[in-house]
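All remarks here apply to the structure that follows.
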Amino acid sequence: MSAPVHTQPGTGARFDWGLAGAAELGRVCAVLVVVDVLSFTTSVEVAVARGVRVHPFPWGEQAADYALRVGAVAAVGRRQVTRDHPWSLSPAALRAAPVVPDLVLPSPNGSAICAAASATGLPVVAACLRNADAVGRWLRERGYGDVDAPIGVVASGERWPDGSLRPSVEDQLGAACVLDALSGVPGGLSVEAAMALAALASTPDVPAAVRGCVSARELVEQGFAGDVDIAVEVGVSPVVPVLRHGVFSAT
Numbered sequence: 003m004s005a006p007v008h009t010q011p012g013t014g015a016r017f018d019w020g021l022a023g024a025a026e027l028g029r030v031c032a033v034l035v036v037v038d039v040l041s042f043t044t045s046v047e048v049a050v051a052r053g054v055r056v057h058p059f060p061w062g063e064q065a066a067d068y069a070l071r072v073g074a075v076a077a078v079g080r081r082q083v084t085r086d087h088p089w090s091l092s093p094a095a096l097r098a099a100p101v102v103p104d105l106v107l108p109s110p111n112g113s114a115i116c117a118a119a120s121a122t123g124l125p126v127v128a129a130c131l132r133n134a135d136a137v138g139r140w141l142r143e144r145g146y147g148d149v150d151a152p153i154g155v156v157a158s159g160e161r162w163p164d165g166s167l168r169p170s171v172e173d174q175l176g177a178a179c180v181l182d183a184l185s186g187v188p189g190g191l192s193v194e195a196a197m198a199l200a201a202l203a204s205t206p207d208v209p210a211a212v213r214g215c216v217s218a219r220e221l222v223e224q225g226f227a228g229d230v231d232i233a234v235e236v237g238v239s240p241v242v243p244v245l246r247h248g249v250f251s252a253t
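Here is the structure:
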């Protein structure tokens, strides 16, 4: 029986959007790469680089209960941080907060996708602009990227008020940077992946493009410009956070 066409069969690196796209690629790919530049996967990279084990969790009040069950600290929303509880979905906050062994990090997009993808048993990699090159190297060194072990790259996107997916500039560019690092994989890029990669050709200054997108402007207006500053640092990190058994840790 042939693979469903929506899984982009016959290619080594594939691309899709959001929770539904991750579910589709997760059925056929050997590894998933999730990109949520502002802010989940950047927060994961920052935390894991400091030695923190990150537990992804869908956005909601149950995160605190889950943290209690697994012996972790639960991150809160950016505006809910206090002096006694400085851990939030903020790269800048996580860079400054005390290091804890385990952190539950909920978000409505990237974290929800990763939490759902972990149920497939596939390795899930958190990628952002900071570590896109390192992620690409890690995948290639481990033999991913042919038609028998395809890579699924998922741009998380944002959500409209009705809950529907809003494709976002920052995640398209983050995914494109990962796909650029995967150019030349034995199985080649799907048309969808190639078109996502093409975004780089018309973006000579990726940090400037991300700073100018609506998601970044919203963060700046809310007083979180430091998060944007960290997120637009391209290629500065060798850290590859991999989700296994429900926890992100460094490889």
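Position 139 of the sequence shown, counted from 1, bears residue number 141 in the numbering used here, the numbering being contiguous throughout. For glycine and all other residues, C-beta sits at the position ideal for the given N, C-alpha and C.
Cβ distance (whole Å) where Leu34 is taken to contact Val149 below 8 Å | That belief does not hold up - the Cβ atoms of Leu34 and Val149 are roughly 17 Å apart, past 8 Å.
Mind listing, in chain order, the continuous beta strand (DSSP E) runs of no fewer than 3 residues lying wholly within the region 150-237?
-> Listed in chain order, they are 153-157.
So, helix, strand or coil for Trp61, using DSSP?
-> In the displayed model, Trp61 falls within coil according to three-state DSSP, outside both helix and strand.
Entirely within the region 28-76 and at least 3 residues each: give me those beta strand (DSSP E) ranges in chain order.
-> Runs found: 33-37, 55-60.
Ser204: which of Leu175, Leu191, Cys215 sits nearest, CA to CA?
-> Ranked by how close their Cα comes to the Cα of Ser204, the residues Leu175, Leu191, Cys215 have Leu175 in first place.
Alpha-carbon to alpha-carbon, Ala5 and Val50 = Each residue's alpha carbon lies about 36 Å from the other.
Ignore the nearest five residues each way along the sequence and tell me which others in Val249's own chain have a CB closer than 8 Å to its CB.
-> In the same chain as Val249, and ignoring 5 residues on each side of it, the C-beta atoms closer than 8 Å to its own belong to Arg55, Val56, His57, Asp104, in chain order.
Any idea if Ala140 is buried or exposed, counting beta-carbon neighbours within 10 angstroms, 16 or more meaning buried?
-> At residue 140 the sequence reads Trp, which differs from the Ala that was named. Around the beta carbon of Trp140, 16 or more other beta carbons sit within 10 angstroms, so the residue counts as buried.
Would Leu167 pass as a contact of Trp61 if the rule is Cβ separation under 8 Å?
-> Taking 8 Å as the cut-off, the Cβ atoms of Leu167 and Trp61 do not count as close.
To the nearest angstrom, report how far apart Arg80 and Gly12 are at their CA atoms.
-> Their Cα atoms are separated by approximately 42 Å.
Taking the alpha carbon of Trp89 as the point to measure from, which residue in Ala129, Leu202, Cys179, Val46 has its own alpha carbon closest?
-> Of the candidates Ala129, Leu202, Cys179, Val46, the one whose C-alpha sits nearest the C-alpha of Trp89 is Val46.
Cut-off 8 Å between Cβ atoms - residues of its own chain near Gly159, not counting five sequence neighbours on either side | Excluding sequence neighbours, Gly159 sits near Trp19, Gly20, Asn111, Leu167, Arg168, Pro169, Ser170, Asp173.
Taking the alpha-carbon positions, what's the Met3 to Val155 distance?
-> The predicted position of Met3 is uncertain, since its pLDDT is 43 and thus under 50; a value taken from the coordinates is nonetheless stated next. Met3 and Val155 have their C-alpha atoms some 24 Å from each other.
From this set, Ser217, Val72, Thr9, Val48, which residue's C-alpha is nearest His247's C-alpha?
-> Of the candidates Ser217, Val72, Thr9, Val48, the one whose C-alpha sits nearest the C-alpha of His247 is Val72.
Kindly indicate which residue of Ala94, Pro206, Ala128, Ala210 has the alpha-carbon position closest to the one of Thr253.
-> Ranking the options by Cα distance to Thr253, first place goes to Ala128.
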